[in-house]
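Each remark here refers to the structure printed beneath this line.
Number of protein chains: 2
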Amino acid sequence: MTSLLDGLPVAAALRRQLDFLLTAHLLTGVTRVNRLLDGSRGESSAEHSWHLALMAVVLAADEAPGVDLGRVLTMLLIHDLVEVEAGDVPIYDEQRRLDIVAVEEQAAARLFARLPAAQGGGLLELWHEFEAAETDEARFARAVDRLQPLLLHWASDGAAWAERRITATQERGLMAVIEQFWPSLGPVADGLIADAHRRGLLAD
Amino acid sequence: MTSLLDGLPVAAALRRQLDFLLTAHLLTGVTRVNRLLDGSRGESSAEHSWHLALMAVVLAADEAPGVDLGRVLTMLLIHDLVEVEAGDVPIYDEQRRLDIVAVEEQAAARLFARLPAAQGGGLLELWHEFEAAETDEARFARAVDRLQPLLLHWASDGAAWAERRITATQERGLMAVIEQFWPSLGPVADGLIADAHRRGLLAD
Chain A
10 MTSLLDGLPV
20 AAALRRQLDF
30 LLTAHLLTGV
40 TRVNRLLDGS
50 RGESSAEHSW
60 HLALMAVVLA
70 ADEAPGVDLG
80 RVLTMLLIHD
90 LVEVEAGDVP
100 IYDEQRRLDI
110 VAVEEQAAAR
120 LFARLPAAQG
130 GGLLELWHEF
140 EAAETDEARF
150 ARAVDRLQPL
160 LLHWASDGAA
170 WAERRITATQ
180 ERGLMAVIEQ
190 FWPSLGPVAD
200 GLIADAHRRG
210 LLAD
Chain B
10 MTSLLDGLPV
20 AAALRRQLDF
30 LLTAHLLTGV
40 TRVNRLLDGS
50 RGESSAEHSW
60 HLALMAVVLA
70 ADEAPGVDLG
80 RVLTMLLIHD
90 LVEVEAGDVP
100 IYDEQRRLDI
110 VAVEEQAAAR
120 LFARLPAAQG
130 GGLLELWHEF
140 EAAETDEARF
150 ARAVDRLQPL
160 LLHWASDGAA
170 WAERRITATQ
180 ERGLMAVIEQ
190 FWPSLGPVAD
200 GLIADAHRRG
210 LLAD
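If you're matching them up, the sequences are chains A and B in order. The number in this note's numbering is simply the position in the first sequence, starting from 1, with 9 added. The number in this note's numbering is simply the position in the second sequence, starting from 1, with 9 added.
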């Protein structure tokens with residue numbers, strides 16, 4: 010695709026941006042463990058990223074009015090781009106999650122280097138900020154990133170939990186970071202897990 | 010889903026936001042005419058929305074540094090939500106595009122009314138701003154919304170064009186709004202169409 014773009018009569022920087030955007034589109038081909046709410050197929054990481062960004066727009070109004078929403082949205086839109094190379098590793102595969110960290114680091118460096126240097130450097134920094142979870146923007150974004158699949162699992166009667174025989178205790182452990190990152194979202198996670206447990210969607 | 014959410018021990022406003030977000034997720038089930046770059050299936054409107062937002066992040070840096078990116082991104086994230094009710098109508102179906110306007114208006118009013126009143130009203134206003142294409146934010150967003158499928162059609166060797174026997178003249182006419190909305194993106198559209206025509210992806 011790069012070679013085709015090379016023939017376009019536009020500035021070199023813009024060609025690099027278009028090349029990056031075409032590569033990024035491959036995120037639509039990365040499939041996650043949770044299915045669409047109609048059960049028809051797995052959710053793509055691109056769809057997950059869109060839904061996270063929409064969740065951030067809607068939830069920030071009351072839960073995080075002080076964060077810089079533009080920065081949060083940009084983080085959420087780019088946070089999974091490394092999966093174009095590294096693939097999606099579900100949070101339930103704890104060992105593979107640890108193993109993938111270095112692979113994702115390299116993928117991020119390579120991917121953002123496709124952009125003009127200053128822009129690519131800025132987005133790589135934002136990707137690291139999300140991963141480090143130290144700023145308010147990153148912590149809110151990380152909490153939403155953890156809450157979204159929980160909401161979908163719950164709304165789709167726990168199909169992904171059942172396949173993996175996930176217990177309420179396991180899920181509570183994995184979701185504890187939601188309250189750590191953004192305390193006001195903790196009760197939502199607790200409520201969804203308690204309800205799923207009561208309905209037998211999460212094992213004892 | 011609403012009735013399940015009613016049991017959650019969280020504030021009523023937050024329950025309405027979660028209900029809205031679950032309904033919004035149905036946008037993943039709305040399929041567009043262009044396929045993923047690997048040809049495996051049609052792109053969903055949720056994926057399209059994510060890719061538009063990412064394009065806006067990347068292109069705004071040089072092409073639209075003065076726009077309020079947070080507003081642009083919010084517009085792009087919500088602009089197709091009406092398709093949850095109204096479905097996607099390709100730009101090539103010009104009569105149906107005219108017929109669908111009133112249906113989309115009603116769908117927008119109903120959809121955003123699921124949110125707490127002030128928030129829903131604000132997002133409905135932003136949706137109208139996008140449609141009206143009068144502010145800089147809306148005009149840049151609208152240009153990107155038109156450019157994205159063109160870029161994908163071009164990069165996937167014009168499969169969607171071939172199915173509909175689209176000519177270069179037709180495509181040039183439909184894409185003229187890109188230059189009207191955001192002049193600096195006009196040459197990209199022209200370049201892609203000229204190249205596609207030269208390669209026989211667009212008919213004479």
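Ideal Cβ positions, reconstructed from N, Cα and C, are used throughout, including at glycine. If you're wondering where the values come from, they're calculated on a predicted model, not measured in any experiment.
query: Same chain, Cβ closer than 6 Å to F121 (chain B), five either side skipped, listed in chain order; result: G129, L132 and L133
query: Chain-ordered neighbours of E138 (chain B) on chain A, where CB pairs are closer than 7 Å; result: None at all; the shortest Cβ gap to chain A is about 15 Å.
query: Cross-strand partners of T40 (chain A) (DSSP beta bridge); result: A:S53
query: Under 7 Å (Cβ pairs) to chain A, residues found in the stretch 189 to 200 of chain B; result: P196, V197 and G200
query: When B:A111, B:H137, B:A117 and B:W191 are compared against A65 (chain B), the one with the closest alpha-carbon; result: B:W191
query: C-beta atoms of D89 (chain B) and S58 (chain B) nearer than 9 Å; result: yes
query: Within-9 Å CB hit, H60 (chain A) to chain B; result: yes
query: Under the three-state DSSP convention, the category A185 (chain B) falls into; result: helix
query: R25 (chain B) versus L210 (chain B): straight-line alpha-carbon distance, rounded; result: 47 Å
query: Of the residues B:G195, B:P125 and B:G16, the one placed nearest A152 (chain B), counting alpha carbons only; result: B:G195
query: I187 (chain A) at chain B interface by Cβ criterion, 9 Å; result: no
query: Partners in chain B for L17 (chain A), counting only beta-carbon separations shorter than 8 Å; result: V197, G200, L201 and D204
query: Sufficient close CB pairs (3 or more, under 8 Å) joining the stretch 88 to 108 of chain B to the stretch 72 to 90 of chain A; result: no
query: M10 (chain A) versus W163 (chain B) - alpha carbon distance; result: For M10 (chain A), the pLDDT reaches just 46, beneath the cut-off of 50, and the residue's location in the model is therefore unreliable, although a value from the coordinates is still provided. Cα to Cα, the separation comes out at about 10 Å.
query: Inter-residue Cα distance where the pair is A169 (chain A) and R181 (chain A); result: 15 Å
query: Helix, strand or coil at T144 (chain A) according to DSSP, with G and I counted as helix; result: coil
query: Helix, strand or coil at A117 (chain A) according to DSSP, with G and I counted as helix; result: helix
query: Whether L85 (chain A) touches A62 (chain A) by CB criterion (9 Å); result: yes
query: For E113 (chain A), the nearest candidate out of A:A126, A:V91 and A:E103 (CA to CA); result: A:V91
query: Closer than 9 Å to chain B by CB, H34 (chain A); result: yes
query: Backbone secondary structure at M10 (chain B) - three-state DSSP; result: Note that M10 (chain B) scores a pLDDT of 46, beneath 50, so its modelled location is shaky and nothing firm can be said.
query: Straight-line Cα distance separating A33 (chain A) from D15 (chain A); result: 18 Å
query: Cα-Cα separation between A21 (chain B) and P158 (chain B), rounded to whole angstroms; result: 39 Å
query: V197 (chain A) versus A:L68, A:R119 and A:P125, residue with shortest Cα-Cα distance; result: A:L68
query: Neighbour list for M64 (chain B) in chain A, Cβ cutoff strictly below 7 Å; result: L30
query: Per-residue burial, A205 (chain A) [other beta carbons within 10 Å of its own, 16 or more giving buried]; result: buried
query: Close-in-space but distant-in-sequence residues of the same chain around E188 (chain B) (CB under 6 Å, 5 per side omitted); result: G195
query: Cα-Cα separation, Q115 (chain A) to A142 (chain A); result: 19 Å
query: Neighbour-count burial assignment, T83 (chain B), 16 or more Cβ in a 10 Å radius; result: buried
query: Short Cβ contact (9 Å threshold) for V186 (chain B) with R155 (chain B); result: yes
query: Residues sharing a beta bridge with T176 (chain A), DSSP; result: A:A212
query: Euclidean distance between Cα positions of D102 (chain A) and Q179 (chain A); result: 12 Å
query: Chain B residues whose Cβ lies nearer than 7 Å to that of E52 (chain A); result: T37
query: Distance CB(R44 (chain B))-CB(E52 (chain B)) smaller than 9 Å; result: yes
query: Backbone CA spacing between G200 (chain A) and E146 (chain A) [nearest angstrom]; result: 24 Å
query: Length of the line joining the Cα atoms of R106 (chain B) and R173 (chain A); result: 45 Å
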